[in-house]
Amino acid sequence: MSAILIAAGVIGAVGILVGIALVYIGNKFHVDVDERETAIREVLPGNNCGACGYAGCDAVAAAIVAGEASAAACPVGGAAVAEKINGIMGTNAEASARMVAFVKCNGSCDHTETRSSYTGINDCRAMALSGLNPWKCGFGCLGFGSCASVCPQNAITVKDGVALVDEEKCVGCGLCAKECPKGLIELIPYGQIRAVQCVNSDKGKDVKEVCDVGCIGCKICMKQCEAGAIAVENNIAHIDYSKCTDCGACAAKCPRKTIRKGQGQD
Amino acid sequence: MRNTFRGGVHPAGHKELSRDIPFETYLPHGEMVYPLGQHIGRPASPVVKKGDHVLAGQLIAEASAFVSANIVSGCSGIVKAVEPRRTIAGTMSECIVIDNDGLYETAPGVGEKVDFRTLTDEQIIEKVKAAGIIGMGGAGFPTHVKLKPKNPEAIHHVIVNGAECEPYITCDDQLMRNHAAEIITGLEVIMTLFPNSEGVIVIEDNKQEAISAMQSACSGKKDISVMAVPVKYPQGGERSCISVVTGAHYGITQLPADVGCIVDNVGTVLAVYRAVCESTPLMERGITITGEAAAKPGNYMTRIGVSCRELLEHAGGLKADGTAVKVLAGGPMMGVAFDSLDVPMQKNNNAFTFLASDEVSLAQKLQTACIRCGRCGRVCPQGLTPQLMSAAFEKKDYDRYENRLHGLECISCGSCTFICPAKRPLTQEFKVAKAEIMALKRAAKAKEGAAS
């Protein structure tokens, strides 16, 4: 009986001592966490995608509290999240418009011809490095889906040899744009907006030889645009979305059907 | 046991297709194209413009930086354009296009005999630089840069690399058989720059004719010797050559000169002889047209800048049965595939190999997961661990790839891919990894430059 009492006493005493030590150490090494940081972390999407430029959602929450980042720093959360963070921080930063990725190539099997057969790692960067080109056009989508493999939202699929973004799933983090060795992916405003689906900067005659739907740099779209949002530089049209009114005049007149409304392939 | 380097593999040689066929000289008649960036370093800057008349042996583009090389016209004719053209690398790059008049009028002074013993070291290096000589074995590093190490007295070995370990290729073999005396004189020219050096010619012992030709050419010269080495790939790698001759190993941050060696390919040494002793700049080179799909495999001495298609047509074209599936610049171990024959031959192309079977696509079908047998590590001449490097690449853990596994030391020889029983595309993975790491480094450097 006494053995049980001694054991219980020793364990109890050790427990009390350890408890006191833990309380003391806890106070000694206490780190103040701004409660706003925890609150912001809770309203952020939690993808840890890095699109804001910080290491993840924890890092950007800390940066917002420290005043280094704006309350609208999260491009994925958009206006809704920015509003909540404004509420927490007492600021009134305005969220930028929702952006989505857009693949500037429509050169699928129907529009361009194959040039060489490549064997090796199924990865766009490996293929770009090999110097071989699947299509006659040297600018187009290689179709191995390296963009799809980095997309945290599974928003990209490869269809007929060209990557295609699902606008509803895309959160505009831009990881795919960084991955693409051909630099084909641009972030454009959400909402089935008009975009130039080509990056081939060769002369019009050469483009016509290799692809049915490539931009030939004819400048018809530029002349149609009343807002002055389209510039043709280096034989390729580009839309400035800060000026674009999405009136559709450019797409209606494009002789090559290179300017299209929203995501898609045809 | 005979002196050899660490690791290595024994791929089938296939040299019997062309090894005993002597050089046939071919003077092209079609237009000649000279890419400005056909060497390691900054592309040369053109010194001619559209409409200019140039002569064979005339400078058409000059070195634009310390590591860069001159380019010399191989034909006479009118400059047609300076414009982007497709090159063997598959990209469009700036080229000088010359409309060849077929007369091959040479520039004044070309062919003038000079005794190299009357020249100073600076004059020799200047002649090598003016001739636009680069490493002819494939890498294309400007030779005049290599000949100017910080401390010439510390160089104790000038190694002439005649190993030619790559399967199929036989042009260096033929060069040594037919131009042994010139190569030895070229070596003596280089050795005058390095007073404390001895010359060693490294040849794999499957080239007995070349070994005896070189031995008789250097008989009586006490500081030049021929070293016959066992057949093992990649014996022709710079590091492998140094390892068998001196036993020295060196890391990625070092150059051969840091371990007291200068290594030059036999083609480069011959080009040095011609530039210094015969005042003939680098206009032509030996090239092997070979492979199971080539109708008439052989060795050709032709002008640099010729279209690959024209050269192939002269060499009898492809076999009529249409078996050609792949064309490589170089051999099957380190060569790169290209997809259009309408590209110019460059200074560093030692062979065009036309394969009748695409073993890469076959291997891709048989590819399985890594079974961790470790054979890749055993054959790696650099002593790396390819299976771990591959895993790091797949996870994009470039920090581990570079700093823990020393993956930048990889020389892309292809031995690991050759030996892998699981048919993993290891070498290609490492090429991508190295390119990515170098791109990240350049980006970091640019950022640093912008910040400061």
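Going down the list, the sequences are from chains A and B. All letters in the first sequence, in the order written, are residues 793 to 1058 by our numbering. All letters in the second sequence, in the order written, are residues 8 to 459 by our numbering. Glycine included, every Cβ here is placed at the ideal spot set by N, Cα and C. Remember, it's a predicted structure, so these values are computed and weren't measured experimentally.
Contact check between the region 42-52 of chain B and the region 929-937 of chain A: fewer than three CB pairs, one atom from each, fall below 8 Å, which does not count as touching. Here residue 359 (chain B) carries a strand assignment [DSSP, helix/strand/coil]. Classified as buried, residue 164 (chain B) has 16 or more neighbouring CB atoms from the shown chains inside 10 Å of its CB. Nearest CB-CB separation between residue 843 (chain A) and chain B: not below the 8 Å threshold. Identification of chain B residues near residue 911 (chain A) by a Cβ-Cβ cut-off of 7 Å yields 365, 367, 368, 371, ordered along the chain. Rounded to whole angstroms, the gap between the alpha carbons of residue 994 (chain A) and residue 128 (chain B) is 48 Å.
A Cβ of chain A is located within less than 8 Å of the beta carbon of residue 432 (chain B). Around the beta carbon of residue 107 (chain B), 16 or more other beta carbons lie within 10 angstroms, which makes this residue buried.
Identification of chain B residues near residue 924 (chain A) by a Cβ-Cβ cut-off of 7 Å yields 97, 344, 346, ordered along the chain. Contact note: residue 921 (chain A) reaches chain B through 438, 439, 442, using a C-beta cutoff of 8 Å and chain order. Interface flag for residue 969 (chain A) against chain B is unset, since no Cβ pair is found closer than 8 Å. Counting along the chain, residue 87 (chain B) sits inside no alpha helix (DSSP H); it lies in the beta strand (DSSP E) bounded by residues 84-93. Contact between residue 933 (chain A) and residue 965 (chain A) is ruled out by a C-beta separation of about 19 Å, above the 8 Å threshold. About 5 Å separates the CB atoms of residue 295 (chain B) and residue 177 (chain B); that is less than 8 Å, so the two are in contact. Around the beta carbon of residue 75 (chain B), a 10 Å sphere encloses 16 or more other beta carbons of the protein chains shown; the residue is thus reported as buried. Within the region 937-958 of chain A, no residue has its Cβ closer than 7 Å to any Cβ of chain B. For the pair residue 246 (chain B) and residue 426 (chain B), the CB atoms are not nearer than the 8 Å cut-off. Chain order gives the chain B residues near residue 918 (chain A) as 435, 439, where near means a beta carbon separation below 7 Å. In the DSSP assignment, residue 31 (chain B) falls within the unbroken beta strand (DSSP E) covering 31-33. Pairwise C-beta distances place the region 59-66 of chain B out of contact with the region 314-323 of chain B, as fewer than three of them are shorter than 8 Å. In the DSSP assignment, the residues bridged to residue 63 (chain B) are B:113. Assignment of residue 175 (chain B) by DSSP, reduced to helix, strand and coil, places it in the coil class.
Sequence-distant partners of residue 196 (chain B) (beyond 5 residues in either direction) whose C-beta falls short of 8 Å from its own C-beta, in its chain, are 123, 131, 279, 280, 283, 284. At a C-beta separation below 7 Å, residue 908 (chain A) has these neighbours in chain B: 346. According to the DSSP assignment, residue 28 (chain B) belongs to no beta strand (DSSP E), since it is labelled neither H nor E. The region 906-924 of chain A and the region 429-439 of chain B touch, with three or more beta-carbon pairs separated by less than 8 Å.
The shortest C-alpha to C-alpha distance from residue 973 (chain A) to any of A:922, A:1015, A:982, A:1003 is the one to A:922.
With 16 or more other Cβ atoms inside 10 Å of its own Cβ, residue 21 (chain B) counts as buried. The beta-carbon separation of residue 363 (chain B) and residue 334 (chain B), rounded to 11 Å, does not stay under the 8 Å limit for a contact. DSSP, reduced to helix, strand and coil, places residue 1047 (chain A) outside both helices and strands of the structure shown, so it counts as coil.
Beta-bridge partners of residue 1003 (chain A) (DSSP): A:904. According to DSSP, residue pairing for residue 981 (chain A) in a beta bridge involves A:891. By the beta-carbon neighbour count (other beta carbons within 10 angstroms, threshold 16), residue 184 (chain B) is buried.
For residue 199 (chain B), no beta strand (DSSP E) segment is defined; the enclosing uninterrupted segment is the alpha helix (DSSP H) at 187-200. Linking residue 1030 (chain A) to residue 982 (chain A) through their CA atoms gives a straight-line distance of about 17 Å. Taking all protein chains shown into account, residue 260 (chain B) has fewer than 16 neighbouring C-beta atoms within 10 Å of its C-beta and is therefore exposed.
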